[in-house]
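Below is one structure, written out as structure tokens; the observations come after it.
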Amino acid sequence: MIYLDYQATTPLAPEAREAMLAWLGGPESDSFGNPHSPHRMGRMAAAAVEVAREQVAALFPPGGRVIFTGSATEALNLAIRGNMPVRSGEHIAFSAIEHAAVIDTVKAIGNWTEIGVTPEGLVVPDTKMPPYAGLLAVMQVNNEIGTIQPIADMARRAKELGALLLVDGVQGAGKMALPPEADMIAVSAHKLHGPKGIGALWVRDGLKLIPHIEGGGQEQGLRSGTLSPTLCAGFGAAAKLAVERMEEDAAHVESLWRHARDAFDGWTLNGSAEQRWHGNLNIRKDGLDVARLMSECREVMFSAGSACASGSGRTSHVLRAIGLDDAQAKSSIRLGFGRYTTKDELERACSIILEAADSQG
Ligand code: PLP
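Residues 149 to 509 in the numbering used here are what the sequence shown spells out, letter by letter.
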């Protein structure tokens, strides 16, 4: 099987796997302590969690703290639901291409404004917004089309409005620097070669949140529940590796991108080519029957639209936001590649997909 769905999830880095094995903790080991217990085994586990926290913190700008969560979805919920201006009824503005973890959470809470994007898939910083917004939510890199948003400009808007800036950093973390202008940033381990089931919210120093999970008071009182040292250690090792390999990974992705772009010459790219993470190739071909294509290319793991929207039968809200009609959106595929994708695999996958697409006439 050839895996080309790096936006949905990524393979666990061998280094992260190794770090996790040390904390799986059978009865013969000393590594199954509860990191919140005061005895020696508990303190050993807590020390492993704190090492991981430092490693994850290196992904973020200086001047903030890292709260571990069960996923980026949970981190985004904490940022939105735990936000005081929002709790007191202030408006939330978010871009039309945010992940459902932002859009659905915001809509469940109350007053909101959606900010449009250009046909290139870029948020327009000078969009009219309510003057009284308390929170502005914009993602760094879109998960469906890979476009990189003008976060510095959005930070300027947030400042003008007196709003806090929440950045969904899930698809950018470990691949590029996370934006220093943000007040809160959410990330997910499994998108950067760490384990599934753990994410983090970075919160700027001095910013107070209200917990949305009550209980034992872990994670500075913001997210009660026993932490998993295994997941934290895996996340930490993956983050450390991502920081160390950032340039090397980006250069590898760039060469894969050039190859894939050439292979799909004649197909239309969805979203900007330049303001984009090049590990995401979202393309379309008029008249393409994507469901048939996928059933004929079972050896290649890729996505029709986003992994979240696909399967739901709904047209992707991101492709709609950039102006695609139903037919165009439904003839789009997303190929995602990265650190562990080889050129040979990519070449084989491109030939398989192209052959199947050409056979549709
Ligand atoms: N935000 C973006 C941009 C994503 O791509 C995803 C996952 O697809 C999420 C949030 C949710 O992440 P998690 O799987 O950790 O809940």
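Glycine included, every Cβ here is placed at the ideal spot set by N, Cα and C.
Across the structure, valine 265 and glycine 190 are spaced so that their CA atoms are roughly 49 Å apart.
In terms of Cβ geometry, valine 466 and glutamate 292 form a close pair [threshold 8 Å].
The count of Cβ pairs closer than 8 Å, one atom from the segment 345-356 and one from the segment 421-428, stays below three, leaving the stretches out of contact. Remark: the C-beta of serine 372 is outside contact range of the ligand PLP, defined as less than 7 Å to any heavy atom. Rounded to the nearest whole angstrom, the CA to CA distance from leucine 172 to glycine 237 is 44 Å. The Cβ-Cβ distance between alanine 386 and leucine 340 falls below 8 Å.
In the DSSP assignment, glutamate 262 forms a beta bridge with Phe242. Under the criterion of beta carbons closer than 8 Å, proline 298 and valine 271 qualify as touching, at roughly 7 Å.
Proximity of the beta carbon of threonine 158 to the ligand PLP is not indicated: no heavy atom of the ligand is located closer than 7 Å. By the C-beta density criterion, glutamine 368 is exposed, having fewer than 16 other C-beta atoms within 10 angstroms. Our two residues, valine 254 and isoleucine 150, have alpha carbons roughly 36 Å apart in a direct line. Using a C-beta cut-off of 8 Å, the segment 298-314 makes contact with the segment 274-286, since at least three inter-stretch Cβ pairs fall below that distance. For the pair aspartate 331 and leucine 355, the Cα-to-Cα distance works out to about 8 Å. With contacts defined by Cβ atoms closer than 8 Å, alanine 167 and glycine 181 do not form a contacting pair. Rounded to whole angstroms, the gap between the alpha carbons of histidine 338 and alanine 248 is 17 Å. In the displayed model, aspartate 153 falls within a strand according to three-state DSSP. Shortest gap from the CB of serine 451 to any heavy atom of the ligand PLP: 7 Å or more. Note on geometry: alpha-carbon atoms of alanine 281 and alanine 227 lie some 15 Å from one another.
Taking C-alpha positions only, alanine 398 is separated from asparagine 290 by approximately 17 Å.
Residue pairing for valine 289: DSSP places it in a beta bridge opposite Ile296. Straight-line spacing of the CA atoms in arginine 468 and leucine 375 works out to 39 Å. Taking C-beta atoms under 8 Å as the contact rule, glycine 230 and leucine 370 qualify, at a distance of about 7 Å. Judged by their CB atoms, arginine 440 and asparagine 418 are not nearer to each other than the 8 Å cut-off.
The shortest C-alpha to C-alpha distance from valine 391 to any of Lys491, Thr157, Gly342 and Ser179 is the one to Gly342. Around the beta carbon of isoleucine 358, fewer than 16 other beta carbons sit within 10 angstroms, so the residue counts as exposed.
Residue pairing by DSSP places methionine 324 opposite Ala321 in a beta bridge. In this structure leucine 169 is exposed. Its beta-carbon is surrounded by fewer than 16 other beta-carbon atoms within 10 angstroms.
Out of Ile470, Gly509 and Asp353, the CA that lies nearest to the CA of glycine 435 is found in Gly509. At least one heavy atom of the ligand PLP sits closer than 7 Å to the Cβ of serine 336. The beta carbons of glycine 484 and aspartate 153 sit closer together than 8 Å. In this structure, DSSP gives alanine 256 a helical state, which the three-state scheme calls helix. Annotation: threonine 490 is outside any alpha helix (DSSP H) and is labelled neither H nor E by DSSP. With respect to the 8 Å criterion, proline 267 and isoleucine 470 are classified as neighbours on the basis of their beta carbons.
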